[in-house]
Amino acid sequence: MAIKNPKSYICEKCGKSFLSKWKKKYCSTECFCKDISNIWRNKELVIKLYCEKKMSCRSIGKIIGAKDEHIRRKLHKWGIDVRTIGQALKGRKQTPLEIKNRVEGTRNGKGFNFLNANKANIRIRTGKTYKEIYGIEKAKKIKENISLNNIGKIGKKQTPEQKLNHSNKMKGKFSGNKNYFWKGGIYKSKYPSVFNGQLKLKIRIRDKFTCQECRIKEEDYKRKLDIHHIDYDKKNNKEDNLISLCKKCHGKTQFKKKDWIHYYKLKIGEKR
Numbered sequence: 019m020a021i022k023n024p025k026s027y028i029c030e031k032c033g034k035s036f037l038s039k040w041k042k043k044y045c046s047t048e049c050f051c052k053d054i055s056n057i058w059r060n061k062e063l064v065i066k067l068y069c070e071k072k073m074s075c076r077s078i079g080k081i082i083g084a085k086d087e088h089i090r091r092k093l094h095k096w097g098i099d100v101r102t103i104g105q106a107l108k109g110r111k112q113t114p115l116e117i118k119n120r121v122e123g124t125r126n127g128k129g130f131n132f133l134n135a136n137k138a139n140i141r142i143r144t145g146k147t148y149k150e151i152y153g154i155e156k157a158k159k160i161k162e163n164i165s166l167n168n169i170g171k172i173g174k175k176q177t178p179e180q181k182l183n184h185s186n187k188m189k190g191k192f193s194g195n196k197n198y199f200w201k202g203g204i205y206k207s208k209y210p211s212v213f214n215g216q217l218k219l220k221i222r223i224r225d226k227f228t229c230q231e232c233r234i235k236e237e238d239y240k241r242k243l244d245i246h247h248i249d250y251d252k253k254n255n256k257e258d259n260l261i262s263l264c265k266k267c268h269g270k271t272q273f274k275k276k277d278w279i280h281y282y283k284l285k286i287g288e289k290r
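Just so we're aligned: the sequence shown equals residues 19 to 290 in my numbering.
Here you go:
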């Protein structure tokens with residue numbers, strides 16, 4: 019019987035091409051069984067590599083010739099706790115790019131394009147048009163999407179009564195220890211006298227008046243760059259602990275602080 023609307027796929031085990039109506043990873047049950055049998059044959063080796071040497075399922079799969087998904091399932095069946103991504107990365111030295119990708123909420127740079135994000139930031143801060151950055155055709159599509167999203171929203175304003183009701187509802191909900199960023203009132207601690215305008219200017223000169231994250235210049239930004247304490251300690255005002263950032267990039271450092279500390283320490287180390 020002929021298959022209706024078949025598509026060609028490549029077998030992950032033997033590498034042969036085959037036709038199928040549904041998306042498949044293996045051309046036959048033999049190839050699937052070979053993958054599973056490799057795990058059963060090397061059961062002791064798999065457990066040793068995963069538990070003692072702390073190797074990942076993917077790297078074990080390359081050694082024994084099996085799929086990492088199948089190794090994970092078998093480990094569950096054998097009663098072994100499978101490590102999460104956070105547990106797997108603990109204690110491992112990461113490159114600055116890997117740390118940046120993790121901080122931005124991505125893995126291996128997929129799902130987020132830093133170049134496009136930087137272009138958007140430059141457009142907002144320097145006053146460049148969409149045409150200058152993306153070209154005429156893409157700029158038209160962007161503007162059409164913006165106009166469609168804003169249908170019925172533009173021109174609407176809240177009445178004074180609505181504003182009062184909204185402010186009364188929100189009062190006290192996110193203030194003090196109810197706020198997500200509450201840390202026991204440490205904002206009251208003042209900066210020491212050493213952290214003055216002269217020191218800030220010295221750091222900005224060292225960094226060539228550019229944000230060390232998005233690379234925007236102080237001239238285009240049209241305001242002074244912020245000076246960020248890498249280890250978040252206001253009293254530690256050494257030059258190695260200070261870095262120039264724009265307001266937006268400085269705001270990002272309030273989340274996942276451990277990752278940002280490691281990331282900026284590597285960046286300062288490269289300058290030396």
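Even glycine gets a Cβ: it sits at the ideal position worked out from N, Cα and C.
- Query: Within the chosen definition, does the stretch 243-250 reach the stretch 274-284 through at least 3 CB pairs nearer than 8 Å?
  - Reply: yes
- Alpha carbon to alpha carbon, how far is A157 from N167? Numbered from 1 along the sequence shown, position 139 holds the residue referred to as residue 157. Numbered from 1 along the sequence shown, position 149 holds the residue referred to as residue 167. Whole-angstrom Cα-Cα distance: 16 Å.
- Query: Do I78 and D86 have their C-beta atoms within less than 9 Å of each other?
  - Reply: Along the sequence shown, read from residue 1 onward, the residue named residue 78 stands at position 60. Along the sequence shown, read from residue 1 onward, the residue named residue 86 stands at position 68. Yes; because the gap between Cβ atoms is below 9 Å, this pair is in contact.
- Message: Can you tell me where the beta strand (DSSP E) holding I261 begins and where it ends?
- Response: Counting from 1 along the sequence shown, the entry for residue 261 is found at position 243. Taken as a continuous stretch (DSSP letters only), the beta strand (DSSP E) holding I261 covers 260-263.
- Task: Please name the residue, chosen from I57, K25, W58, that lies closest to K42 on a Cα-to-Cα basis.
- Result: Taking the first residue of the sequence shown as position 1, residue 42 is located at position 24. When each option's Cα is compared against that of K42, the closest is K25.
- Query: Is it a yes or a no for the stretch 220-229 touching the stretch 183-199, going by three-plus beta-carbon pairs under 8 Å?
  - Reply: no
- Message: Do E236 and C267 count as a contact pair if the criterion is CB distance below 9 Å?
- Response: For the purposes of this step, residue 267 is identified with residue 249 of the sequence shown, where counting begins at 1. For the purposes of this step, residue 236 is identified with residue 218 of the sequence shown, where counting begins at 1. Cβ distance not < 9 Å, so C267 and E236 don't count as in contact.
- Item | Residue closest to K256, alpha-carbon to alpha-carbon, out of I221, D238, Y239 | Counting from one through the sequence shown, the residue named residue 256 turns up at place 238. It is I221 whose Cα lies nearest to the Cα of K256.
- Task: Out of N163, S74, L243, state which residue places its alpha-carbon closest to the alpha-carbon of Q105.
- Result: On the sequence shown, position 87 is the one that residue 105 refers to. Among N163, S74, L243, the Cα nearest to that of Q105 belongs to S74.
- Query: Quick one: is C45 buried, meaning 16 or more other Cβ sit within 10 Å of its Cβ, or exposed?
  - Reply: In the sequence shown, the residue the question calls residue 45 occupies position 27. Per the 10 Å Cβ criterion, buried.
- Item | Cβ separation of I89 and I57, assumed to be a contact under 8 Å, to the nearest whole Å | Start at 1 with the first residue of the sequence shown, and residue 89 comes out as number 71. Start at 1 with the first residue of the sequence shown, and residue 57 comes out as number 39. About 6 Å separates the two Cβ atoms, so the contact holds.
- Item | Where the alpha helix (DSSP H) through Y152 begins and ends | If you number the sequence shown from 1, residue 152 lands on position 134. Unbroken alpha helix (DSSP H) run through Y152: 148-152.
- Message: From the DSSP secondary-structure annotation, give me the bridge partner or partners of T228.
- Response: Counted from its first residue, the sequence shown places residue 228 at position 210. T228 pairs with K235.
- DSSP on F130, reduced to helix/strand/coil? On the sequence shown, position 112 is the one that residue 130 refers to. The predicted model places F130 with a pLDDT of 42, which falls under 50 and marks its position as unreliable; any figure quoted below should be read in that light. Residue state, collapsed to three classes: coil.
- Should K256 be counted as a contact of the ligand ADP given a C-beta to heavy atom distance under 8 Å? As for the ligand ADP, it is missing from this structure, which has no ligand bound.
- Query: Which first and last residues belong to the beta strand (DSSP E) in which S35 is found?
  - Reply: The residue labelled residue 35 in the question sits at position 17 within the sequence shown. That run of the beta strand (DSSP E) goes 35-38.
- Simplified DSSP assignment, three categories, for Y68: Numbered from its first residue, the sequence shown carries residue 68 at position 50. In this structure, Y68 counts as helix in the three-state DSSP scheme.
- Item | Option nearest C264 by Cα separation, candidates D244, K274, T271 | Against the sequence shown, residue 264 aligns to sequence position 246. Here the closest residue by C-alpha is D244.
- Task: Starting from the Cα of I164, find the closest Cα among T177, W96, Y148, V212 and give me that residue.
- Result: For the purposes of this step, residue 164 is identified with residue 146 of the sequence shown, where counting begins at 1. Out of T177, W96, Y148, V212, Y148 has the C-alpha closest to the C-alpha of I164.
- Task: Have a look at I286 and K92 and give me their C-alpha separation to the nearest angstrom.
- Result: The residue given as residue 286 occupies position 268 in the sequence shown. The residue given as residue 92 occupies position 74 in the sequence shown. Spanning the two alpha carbons is a distance of roughly 44 Å.
- Have a look at K108 and K240 and give me their C-alpha separation to the nearest angstrom. On the sequence shown, position 90 is the one that residue 108 refers to. On the sequence shown, position 222 is the one that residue 240 refers to. Their backbone Cα atoms lie some 40 Å apart in a straight line.
- Item | Three-state class that DSSP yields for Y27 in the structure shown | Here residue 27 refers to the residue found at position 9 when the sequence shown is read from its first residue. Y27 falls in the strand class under three-state DSSP.
- Query: Whose CA, out of I65, G83, R76, lies closest to the CA of K95?
  - Reply: Along the sequence shown, read from residue 1 onward, the residue named residue 95 stands at position 77. Nearest option by C-alpha distance: I65.
- Item | Per-residue DSSP class, three states only, for K137 | Working through the sequence shown from its first residue, we reach residue 137 at position 119. For K137, the pLDDT reaches just 48, beneath the cut-off of 50, and the residue's location in the model is therefore unreliable, leaving the point undetermined.
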